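Student: Numbering (this note's numbering), first residue to last: 409 to 890. Idealized CB from N, CA, C, for every residue including glycine. These numbers were taken from a predicted model, which means no experiment stands behind them.
(1) So residue 767 is in the alpha helix (DSSP H); what residue range does that whole segment cover?
(2) Would you grab the beta carbon distance between residue 808 and residue 867 for me? Rounded to a whole angstrom, and I think it's under 8 Å.
(3) Let me check one thing: in DSSP terms, what residues is residue 734 bridge-paired to?
(4) Report yes if the C-beta distance between residue 624 and residue 450 is below 8 Å; otherwise report no.
(5) Do residue 709 and residue 774 count as a contact pair if the criterion is CB distance below 8 Å?
(6) Just to confirm my understanding: we take residue 747, look at its own chain, exclude 5 residues before and 5 after, and list those with CB closer than 8 Å. What are they?
(7) Within the same chain, show all residues whose beta-carbon is closer than 7 Å to that of residue 848, passing over the 5 residues directly before and after it, in chain order.
(8) From residue 414 to residue 575, what distance separates their C-alpha atoms?
(9) If you draw a straight line from the alpha carbon of residue 707 to that of residue 772, how long is it in whole angstroms?
(10) Who are the Cβ neighbours of residue 796 in its own chain at under 7 Å, not counting the five residues just before and after it?
(11) I'd like the ranges of any alpha helix (DSSP H) spanning at least 4 consecutive residues and lying wholly in the segment 793-878.
(12) Residue 432 to residue 647, Cα distance in whole Å?
(13) So, using beta-carbon positions, are residue 499 and residue 538 closer together than 8 Å?
(14) Let me confirm a value: residue 837 is counted as buried when at least 16 other C-beta atoms fall within 10 Å, else exposed. Which label applies?
(15) Please determine, among 643, 437 and 718, the residue with the shortest C-alpha to C-alpha distance to residue 677.
(16) With DSSP run on the structure shown, which of helix, strand or coil describes residue 615?
(17) Between the beta-carbon of residue 845 and the beta-carbon of residue 777, is there less than 8 Å?
(18) Which class does residue 660 belong to by DSSP, given the choice of helix, strand or coil?
(19) Per DSSP, residue 469 forms a beta bridge with which residues?
(20) Just to confirm my understanding: we take residue 851, look at its own chain, exclude 5 residues before and 5 after, and list those with CB closer than 6 Å. What are they?
(21) Work out the CA separation of residue 840 and residue 603 for me, nearest whole Å.
(22) Where residue 559 and residue 535 are concerned, what is the direct C-alpha to C-alpha distance, given to the nearest angstrom?
(23) Whether or not the segment 617-631 and the segment 576-584 are in contact is what I'm after, with contact meaning three or more pairs of Cβ atoms, one per stretch, closer than 8 Å; do they touch?
(24) Taking 8 Å as the cut-off, decide whether the C-beta atoms of residue 437 and residue 493 are in contact.
(25) At the level of alpha carbons, what is the spacing between residue 462 and residue 516?
(26) The alpha helix (DSSP H) that contains residue 387, what's its start and end?
(27) Quick one: is residue 722 buried, meaning 16 or more other Cβ sit within 10 Å of its Cβ, or exposed?
(28) Quick one: is residue 567 buried, meaning 16 or more other Cβ sit within 10 Å of its Cβ, or exposed?
(29) Restricting to Cα atoms, I'd like to know which of 491, 672, 704 and 702 is closest to residue 692.
(30) Mind checking which residues open and close the alpha helix (DSSP H) that includes residue 555?
(31) Return the CA-CA distance between residue 529 and residue 668, expressed in angstroms with no decimal places.
(32) If you count every other CB in all the chains shown that lies within 10 Å of the CB of residue 862, and 16 or more means buried, which is it?
(33) Considering only the alpha carbon of each residue, which of 675, 870, 630 and 611 lies closest to residue 443?
(34) Beta carbon of residue 727, beta carbon of residue 666: below 8 Å?
(35) Quick one: is residue 587 buried, meaning 16 or more other Cβ sit within 10 Å of its Cβ, or exposed?
(36) Name the one or two DSSP bridge partners that residue 531 has.
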């Protein structure tokens with residue numbers, strides 16, 4: 409989440425999740441390159457670190473570091489990973505654990521029965537309790553992430569069970585919260601999704617028979633894999649030389665709760681998540697906004713990137729022409745940030761520049777995905793005013809944030825959410841717009857009609873599973889340093 413006074417930086421409004429990727433090949437192949445391209449397609453889900461583990465018949469070769477995928481894996485580094493029959497990859501944004509190299513994934517663990525590499529997307533709600541219990545029993549941690557807690561729990565169960573998939577099943581009984589996992593044992597690739605299905609995970613197949621798992625279907629497209637299906641909430645899929653096996657014992661034990669913000673912001677518009685095309689969900693949100701908050705205006709524009717599709721939906725539903733109101737500098741990474749206020753103001757103009765011919769002298773409907781603290785929106789509106797916009801009517805393709813998220817989204821302090829302190833009319837004045845309208849909860853639940861019930865906890869405070877103790881995402885750093 410942006411700090412007070414920061415520009416359009418550090419993931420625009422709120423931070424993304426992480427992205428996981430895995431491939432099983434019956435024959436030894438250049439699976440590292442497949443992981444590289446898959447992670448490239450998932451880069452929007454995490455820009456702080458990247459990692460790949462190649463499994464060549466039980467021999468694991470790993471490289472991970474801070475930075476973007478193309479920085480962490482130049483050609484010579486990718487070549488050093490060699491070939492194998494299993495690969496696991498990860499791009500990370502820190503939802504628990506600070507942004508440090510030691511917290512990059514996949515996590516590799518050596519244990520009595522072999523090795524294991526694990527990549528995790530999500531956030532446990534009971535990681536603090538589990539880690540304390542593990543430490544009291546002698547476990548030693550090298551990172552400050554809840555992902556390593558998951559790895560320890562699985563290994564603990566593996567020492568008692570006949571197979572890695574059975575160990576995963578037993579571990580799931582101890583884990584609470586959000587987790588989509590891709591795991592490599594010496595001979596198997598396993599994909600797991602928590603019983604609520606908070607985070608997406610899908611399976612695909614390449615023309616030459618490789619099985620691929622990814623956080624989003626866009627990563628399947630990137631490696632030439634055909635989408636097969638989504639991993640079901642609570643499902644364990646195991647791929648080995650014996651074929652593909654599924655374990656559905658934990659399926660349908662909880663009502664599905666895919667994060668609604670996957671459709672609003674996180675996922676790429678060309679992805680299909682649980683049967684719904686992301687771009688269509690965003691266009692529906694825009695159309696609902698036009699119905700709920702109509703206004704006389706000259707042009708509808710969206711804030712790049714996640715506001716563009718909702719703006720198109722608003723335009724079609726309202727009949728107001730759609731326009732490209734901003735040019736986004738694509739050569740500034742989402743981790744770009746400036747240290748002083750003067751440099752921050754310059755940074756806003758570097759990140760987004762208005763198309764004056766579209767906005768000058770116009771009454772504008774401005775579509776964005778969310779308002780967190782209001783400072784980012786204020787900067788965007790200032791840009792439009794300076795470019796000559798006569799009116800700005802802001803429409804948000806989500807309801808107001810009122811509650812923290814415990815499942816992996818970086819919204820962890822209700823006190824800092826502007827909607828908890830101000831009405832929509834007051835927020836409009838603070839950010840400098842003529843009117844402000846949010847998507848209603850009623851219509852939010854209708855933007856992805858084929859995906860089932862979604863999690864809306866950050867908008868209504870209704871948590872499918874809430875932590876017993878509310879602690880900050882840096883809790884493990886504080887525990888170590890304290």
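Tutor: Looking at the atomic coordinates:
(1) Locating residue 767 in the chain shown gives position 359, counting from the first residue. Here the alpha helix (DSSP H) through residue 767 covers 764-767.
(2) By 1-based counting over the chain shown, the position of residue 808 is 400. By 1-based counting over the chain shown, the position of residue 867 is 459. About 7 Å; that satisfies the 8 Å criterion.
(3) Start at 1 with the first residue of the chain shown, and residue 734 comes out as number 326. Beta-bridge pairing links residue 734 to 762.
(4) What you label residue 624 is simply residue 216 of the chain shown in a count that begins at 1. What you label residue 450 is simply residue 42 of the chain shown in a count that begins at 1. Cβ atoms of residue 624 and residue 450: closer than 8 Å.
(5) To locate residue 774, count along the chain shown from 1; it is residue 366. To locate residue 709, count along the chain shown from 1; it is residue 301. Yes, the pair counts as a contact, with Cβ atoms nearer than the cut-off.
(6) Translated into positions along the chain shown, residue 747 becomes position 339. With a pLDDT of 42 at residue 747, under the threshold of 50, the modelled position of that residue is not reliable, and the figure given next carries that caveat. For residue 747, where only same-chain residues beyond five positions count, there are no Cβ hits under 8 Å.
(7) As a working note, residue 848 is residue 440 in the chain shown. Excluding positions up to five away in sequence, the list reads 700 and 807.
(8) Start at 1 with the first residue of the chain shown, and residue 414 comes out as number 6. Start at 1 with the first residue of the chain shown, and residue 575 comes out as number 167. Because the pLDDT of residue 414 is 33, which lies under 50, any placement of that residue in the model is unreliable, and the number read from its coordinates should be weighed accordingly. So the alpha carbons of these two residues sit roughly 45 Å apart.
(9) Reading the chain shown from its first residue, position 299 is the one you call residue 707. Reading the chain shown from its first residue, position 364 is the one you call residue 772. Each residue's Cα considered, the two are about 5 Å apart.
(10) Here residue 796 corresponds to residue number 388 of the chain shown, with the count starting at 1. Around residue 796: 764, 767, 768 and 769.
(11) 832-839, 849-852 and 865-868
(12) Taking the chain shown and counting its residues from 1, the one referred to as residue 432 is at position 24. Taking the chain shown and counting its residues from 1, the one referred to as residue 647 is at position 239. Each residue's Cα considered, the two are about 7 Å apart.
(13) The sequence position of residue 499 within the chain shown is 91, counting from 1. The sequence position of residue 538 within the chain shown is 130, counting from 1. Cβ distance not < 8 Å, so residue 499 and residue 538 don't count as in contact.
(14) Counting from one through the chain shown, the residue named residue 837 turns up at place 429. Classification of residue 837: exposed, given that the 10 Å Cβ count is below 16.
(15) Numbered from 1 along the chain shown, position 269 holds the residue referred to as residue 677. For residue 677, the nearest C-alpha among the options comes from 718.
(16) Locating residue 615 in the chain shown gives position 207, where the first residue counts as 1. In this structure, residue 615 counts as coil in the three-state DSSP scheme.
(17) Position 437 of the chain shown, counting from 1, holds the residue named residue 845. Position 369 of the chain shown, counting from 1, holds the residue named residue 777. No, the pair does not count as a contact, with Cβ atoms beyond the cut-off.
(18) As a first step, residue 660 is located in the chain shown; it is residue number 252 there, counting from the start. Residue 660 falls in the coil class under three-state DSSP.
(19) One-based indexing of the chain shown puts residue 469 at position 61. Answer is 462, bridged to residue 469.
(20) Here residue 851 corresponds to residue number 443 of the chain shown, with the count starting at 1. Once the five neighbours on either side are set aside, the close Cβ partners of residue 851 are 696.
(21) Locating residue 603 in the chain shown gives position 195, where the first residue counts as 1. Locating residue 840 in the chain shown gives position 432, where the first residue counts as 1. Roughly 43 Å separates the two Cα atoms.
(22) The residue labelled residue 559 in the question sits at position 151 within the chain shown. The residue labelled residue 535 in the question sits at position 127 within the chain shown. Near 12 Å, if we compare the C-alpha coordinates of residue 535 and residue 559.
(23) no
(24) The residue labelled residue 437 in the question sits at position 29 within the chain shown. The residue labelled residue 493 in the question sits at position 85 within the chain shown. Yes.
(25) In the chain shown, counting from the first residue as 1, residue 462 sits at position 54. In the chain shown, counting from the first residue as 1, residue 516 sits at position 108. For residue 462 and residue 516, the distance between alpha carbons rounds to 11 Å.
(26) Residue 387 falls outside the range modelled here, since the chain spans only 409 to 890, and no answer is possible.
(27) Taking the first residue of the chain shown as 1, we reach residue 722 at position 314. Looking at its Cβ environment, which holds 16 or more other Cβ atoms inside 10 Å, residue 722 is buried.
(28) What you label residue 567 is simply residue 159 of the chain shown in a count that begins at 1. So residue 567 counts as exposed.
(29) Along the chain shown, one-based indexing puts residue 692 at 284. Closest option to residue 692, Cα to Cα, is 672.
(30) In the chain shown, counting from the first residue as 1, residue 555 sits at position 147. Per DSSP, residue 555 belongs to the alpha helix (DSSP H) from 554-566.
(31) As a first step, residue 529 must be located in the chain shown, where it is residue number 121. As a first step, residue 668 must be located in the chain shown, where it is residue number 260. Computed Cα separation, rounded: 16 Å.
(32) In the chain shown, the residue the question calls residue 862 occupies position 454. Classification of residue 862: buried, given that the 10 Å Cβ count is 16 or more.
(33) The sequence position of residue 443 within the chain shown is 35, counting from 1. Checking every option, the nearest Cα to that of residue 443 belongs to 630.
(34) For this step, residue 727 is matched to residue 319 along the chain shown. For this step, residue 666 is matched to residue 258 along the chain shown. Result no, Cβ atoms of residue 727 and residue 666 do not sit closer than 8 Å.
(35) Counted from its first residue, the chain shown places residue 587 at position 179. It is buried - the Cβ of residue 587 has at least 16 other Cβ atoms within 10 Å.
(36) Counted from its first residue, the chain shown places residue 531 at position 123. Answer by DSSP bridge pairing, in chain order: 586.
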